[in-house]
Every structure is written in C-alpha cells, then in structure tokens.
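Asker:
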Amino acid sequence: MTSPELSIGAFAHLVGLTPSALRFYDDCGLLHPARVDSGSGYRWYAVSQEPRARLLADLRVVDLPLVSVRAVLDGSPEEATRLLEDHLAAWRARRH
Numbered sequence: 001m002t003s004p005e006l007s008i009g010a011f012a013h014l015v016g017l018t019p020s021a022l023r024f025y026d027d028c029g030l031l032h033p034a035r036v037d038s039g040s041g042y043r044w045y046a047v048s049q050e051p052r053a054r055l056l057a058d059l060r061v062v063d064l065p066l067v068s069v070r071a072v073l074d075g076s077p078e079e080a081t082r083l084l085e086d087h088l089a090a091w092r093a094r095r096h
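So for the sequence shown, the working numbering puts the first residue at 1; every next one is plus one.
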C-alpha cells in the first residue's frame, strides 16, 4: 500500500514549510516529491515524507548549512551526531 499523496500546498502547510521552500529542496536534491505530474509539473508529496520534511525544516531553523543537512538526513547516525555537536559548539562559541 502506498502512502496517500498531498498537494504541494497541503504538504507545505502540514510540515511548516512554504511551497517555494519545497521546490528549492527538490532542486537541491534534499526532498524530492513523491510524484510530479508529467503534464503540469505539479508536485505531489507522500504523507510518509512528513518526518524527513519536518527534520529538514528544523535543521534549517537552527541555520545548519545545506551540505550538513544532507549529511544528517542521509548519513550515518554517528555522522549526524558529530555534525550537530560541532554546529552547537560553534553556536556557543559565537555567543561568548
């Protein structure tokens, strides 16, 4: 059974991103839509993509660079932990 699909607008609302951000993340290869209509180019997202989209949004809120976001989303848990710890340490150093 496949996950139900949502329009780009409905999915954007669900995950707290804008449709333009979703198009950007598709172009960057971070979050591809589940389906793109071949005639109109309209993007559809699967409900099962919600966790990845929410994590992506959260990582961008804390200003994690896109290259690090990709590694956190697609890399090993150990790499994700290291990147997030390094990002937090750099943030703390900037505050002092």
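The beta-carbon is built from N, C-alpha and C at its ideal position, and this holds for glycine as well. This one's a predicted model, so the numbers in the text were calculated from it and none came from an experiment.
(1) Less than 8 Å between C-beta atoms, sequence neighbours within five positions excluded: which residues of the same chain meet that for residue 30?
(2) Quick one: residues in its chain with C-beta nearer than 7 Å to the C-beta of residue 12, no 5 flanking neighbours on either side, listed in chain order?
(3) Do residue 53 and residue 44 have their C-beta atoms within less than 7 Å of each other?
(4) What is the DSSP secondary structure of residue 36, reduced to helix, strand or coil?
(5) Taking residue 7 and residue 46 to be in contact with their CB atoms under 8 Å, please state how far apart those CB atoms are, rounded to whole angstroms.
(6) Rounded to a whole number of angstroms, what is the C-alpha to C-alpha distance between residue 76 and residue 87?
(7) Identify, in the order they occur along the chain, each residue of the same chain with its Cβ nearer than 8 Å to the Cβ of residue 5, setting aside the five sequence neighbours on each side.
(8) According to DSSP, what are the bridge partners of residue 6?
Answerer: Let me lay it out:
(1) Its chain contains 56, 66, 69, 70, 73 as the residues whose beta carbon lies nearer than 8 Å to that of residue 30, once the 5 sequence neighbours on both sides are disregarded; these appear in chain order.
(2) Closer than 7 Å at the Cβ level, and outside the excluded window around residue 12, lie 18, 19, 22.
(3) Taking C-beta atoms as the reference points, residue 53 and residue 44 fail to come closer than 7 Å.
(4) In the structure shown, residue 36 sits in a strand (DSSP, three-state: E or B).
(5) The pair is not a contact, with the Cβ atoms about 12 Å apart (cut-off 8 Å).
(6) Residue 76 and residue 87 have their C-alpha atoms spaced approximately 17 Å apart.
(7) Scanning its chain for C-beta atoms nearer than 8 Å, with the 5 sequence neighbours on each side dropped, one finds around residue 5 the residues 34, 35, 44, 45, 46, 47, in chain order.
(8) DSSP lists 45 as partners of residue 6.
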